[in-house]
Amino acid sequence: MNDKFEQLMREFRKVNLGTREKETMRTHIAAFVTAHPRAKRMPWIMHFTVWRTSFAALGVFAVLGFGTSYAAEGALPKDLLYPVKVSINEKVRGFVAVSPRAQAAWASRKVERRLEEAEELASQGKLDANVKMELESRIEDNAKEADELIAQLDIEARAEASSELESTLEGHERVLLQISKSDGESASSTLDFAGVVKKQKRAVKKERSRTEQQIKSGVQKEKAAEMKLRAVERQIETVRENVGERAEEKLSGATELVSEGKAKLESGESGEAFILFQKAGREATKARIEGRAKKELKIEVDISLDSDATTTIDD
């Protein structure tokens, strides 16, 4: 822990910072503390470890300052602050992800950040060959990290995390395909990039499917199905609140799958119910991603778009 922190501090001391955004970054820190409340019961040594990590993160921000770090969050490849975003900001966020599940979630989130960057550049006609290669390399590295961390989780968490990563990849693949239809300056490279995303998606899908089958035939399948039902209902409600326009249309597949899963659960087919709830979660994730594309990129993804029929890659 100390070696890792000292290494980060050495990197951060190289960066000079402004003033205005410091308050904004303090808000981010406060939000993190609020989102990660202390457990009700924890041995004193665990209390010490958690507080030491929190103070270490605060120390990083004190040295780095807040202006450059905050400004870098909106940076894209080739921007001056992009190295700060990927080499400093993301290391800090990884540093405060203490639990294995949080670490896996952050690794998956880094994959999505690269996909969002690609979409923004593609929508501007700026996804050229060099940037595409850089993002492909980063996605490959981030996805590998996510896969390794997901593999260390318990089976229920592993199934949920791999399902979320798969649907994240598929959702962004669909957005990229929609952008590629615009005949912009980078339409061809965008289509190629979507093919790379598809390849990553297929690899994750294999692991997700294998894990689901283990749960389906396991002794804890009823408990797993009930827990997944509660989780996916919360997920759908969150997406419904955030997507806004056409939310029900985009979430119709997810809600139908939940209804089917409930029927299976009531009839004692809990393994099948779990599979359906997992699928509902993937549909909700794709709805979230397409809602963001509409809101931030002004791109309406065609609901009938079939990614498997659009992109071609070598298996």
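Using this note's numbering, the final residue of the sequence shown is 315, and nothing's skipped along the way.
Idealized CB from N, CA, C, for every residue including glycine.
How many angstroms separate the CA atom of residue i from the CA atom of residue j?
i	j	result
Val168	Lys126	According to the sequence displayed, residue 168 carries Thr and not Val. For Thr168 and Lys126, the distance between alpha carbons rounds to 22 Å.
Ser307	Met133	21 Å
Asp154	Glu222	16 Å
His36	Ser189	At His36 the pLDDT is 46, less than 50, meaning the model places this residue with poor confidence and gives no usable figure here.
Arg158	Arg210	11 Å
Thr255	Glu226	16 Å
Glu166	Pro100	19 Å
Ala72	Glu117	13 Å
Glu136	Arg292	22 Å
Lys199	Gly244	31 Å
Glu156	Ala284	19 Å
Glu370	Ala280	A question about residue 370 goes unanswered here, because the residues of the chain that appear run from 1 up to 315.
Ile215	Glu269	12 Å
Asp141	Ser69	22 Å
Phe193	Glu266	43 Å
Ser259	Asn242	22 Å
Leu257	Gln220	21 Å
So residue i and residue j are supposed to be a Cβ contact under 8 Å. How far apart are they, rounded?
i	j	result
Phe274	Lys206	The pair is not a contact, with the Cβ atoms about 18 Å apart (cut-off 8 Å).
Ala122	Ser186	6 Å
Glu119	Leu176	6 Å
Helix, strand or coil: how does DSSP classify residue i here?
i	result
Gly317	Coverage of the chain is limited to positions 1 through 315, which leaves residue 317 absent and any answer about it impossible.
Gly281	helix
Arg208	helix
Leu81	coil
Leu305	coil
Asp154	coil
Lys264	helix
Asp141	helix
Lys298	coil
Glu164	helix
Arg292	helix
Ala247	helix
Is residue i near the ligand ADP, with its Cβ less than 7 Å from a heavy atom?
i	result
Val196	This structure lacks the ligand ADP, and indeed carries no ligand of any kind.
key: 4 or more residues per run - each alpha helix (DSSP H) lying fully within the region 167 to 242   = 187 to 216
Whole runs of the alpha helix (DSSP H) within the region 98 to 142, excluding any shorter than 4 residues = Here the runs fully enclosed are 100 to 123.
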